[in-house]
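First residue of the sequence shown: 0, per numbering that gives the first Met the number 0; consecutive thereafter. All residues carry an ideal CB built from backbone N, CA and C; glycine is no exception. Please read the structure below before turning to the comments.
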Amino acid sequence: MPQLEATPTIDYQSDTYKDAYSRINAIVIEGENEAYDNFVKLAEMLPENKDELISLAKMERRHAKGFQACGRNLEVTPDMDFAREFFSKLHGNFEKAAEEDDIVTCLVIQALIIECFAISAYNIYIPVADDFARKITEGVVKDEYTHLNYGEEWLKANFDDVKERIETANRENLPLVWKMLNQVENDARVLNMEKEELIEDFTIAYGEALANVGFNTRETVRMLTHGLRSAA
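Printed below as a string of structure tokens:
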């Protein structure tokens, strides 16, 4: 009878782990901080939903503080300069859309793409995290589904009017995610997170989000594959 392969023990205190973690931890902190700013901006753009969006923003601020605590627990200083550069293109696209009062693109970037990116990364990370970080991340990922749901419901309610704009926002921003996953591949592997798993989990989550908004299977596949081609 074949034996199951044992999961390798992770040395959370090794220099190699801590070096990789300094960038991964910074990415999640920066991602949550930018999400806070993005939801505050969306609250200005959608005053009828201001209270709900400010509540979502405050969740993201709590998440950032939780991940800062994860870094301190391992005595790791997050490389925030790396993280800001990592998110710079998505951040710039969100800011440009906000300046143009393009609510649809802002929601696609923050409430679909970034939330699906976070959910997939957190779900892959939880089984290989240290005990302290696991507890923090399990709490965070539950909240992220709430943020994803907000974007899905707003876009679904306005789908006929905004469908083409969603497709355009997808073409402009999804390729950035594939490039971001490539950029973090080596560090993620040190944390026992394989890029193929991250891609698979993100593809499933984002595909489901597009379907929930109103796209059919053929349209969803086309949108996903376009992103992959553009990032190649």
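Since residue i contacts residue j with CB under 8 Å, what's their CB separation in whole angstroms?
i	j	result
residue 192	residue 123	5 Å
residue 140	residue 112	Not a contact, Cβ separation roughly 16 Å.
residue 35	residue 60	5 Å
residue 77	residue 9	Contact flag wrong, Cβ pair sits at about 19 Å.
residue 41	residue 105	6 Å
residue 79	residue 25	5 Å
Quick check on DSSP: helix, strand or coil for residue i?
i	result
residue 73	coil
residue 37	helix
residue 13	coil
residue 193	coil
residue 131	helix
residue 99	coil
residue 78	coil
residue 172	helix
If we ignore side chains and look at the alpha-carbon of each, how far apart do residue i and residue j end up?
i	j	result
residue 31	residue 53	14 Å
residue 3	residue 135	Confidence at residue 3 is low in this model, with a pLDDT of 41, below 50, so the placement of that residue is unreliable and no value is reported for it.
residue 15	residue 189	7 Å
residue 138	residue 98	33 Å
residue 150	residue 62	19 Å
residue 48	residue 13	46 Å
residue 82	residue 183	10 Å
residue 43	residue 102	10 Å
residue 202	residue 187	17 Å
residue 116	residue 38	16 Å
Checklist entry - Does the count of Cβ pairs from the region 145-159 and the region 76-93 closer than 8 Å reach three? => result They do not touch, by the three-pair rule.
Checklist entry - For the 8 Å Cβ check, are there 3 or more pairs between the region 206-224 and the region 158-172? => result As far as the Cβ criterion goes, the region 206-224 touches the region 158-172, which means the pair count is three or higher.
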